[in-house]
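Here the sequence shown is numbered in the working numbering, starting from 491 and rising by one per residue. Beta carbons: idealized from backbone N, C-alpha and C, even for Gly. Note that this is a predicted model, so its numbers are computed, not measured.
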Amino acid sequence: DAAWRAAHTTEASPRSPLVEAVDTFAWQSLASVMIPGAVINRLVWATGKVAPSGSKLPTVVGLAAIPLIIRPIDHGVDLLFNKTIRT
């Protein structure tokens, strides 16, 4: 999506390819690295507090959470960017 927008940006467009690249880098940093890492870290930590010592349950919970958190995080970062830096 961002690559297509950058490639099809006209000179009259307010968003240059550089702006698109920075937007994509920031979005990927938040939606693919920082937020999922923090969410999974906290889930594993919380599960580790209630699971017996040496249990593999925290790891299983962390891995199982990945497909469940992807869309809400992506949507949330899109919403955040659309209401702030993309306006």
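1) Does residue 539 come out as helix, strand or coil in the three-state DSSP assignment?
2) Alpha carbon to alpha carbon, how far is residue 569 from residue 548?
3) When the distance is taken between beta carbons, is residue 533 closer than 7 Å to residue 554?
4) With burial defined as no fewer than 16 other Cβ atoms inside 10 Å of the residue's Cβ, what is the status of residue 517: buried or exposed?
5) Compute the Euclidean distance between the alpha carbons of residue 571 and residue 550, then round it to the nearest angstrom.
Taking the definition as stated:
1) Residue 539: helix per DSSP, three-state reduction.
2) Approximately 30 Å between the Cα atoms of the pair.
3) No, the pair does not count as a contact, with Cβ atoms beyond the cut-off.
4) The residue is buried, with at least 16 neighbouring Cβ atoms inside 10 Å.
5) Cα to Cα, the separation comes out at about 32 Å.
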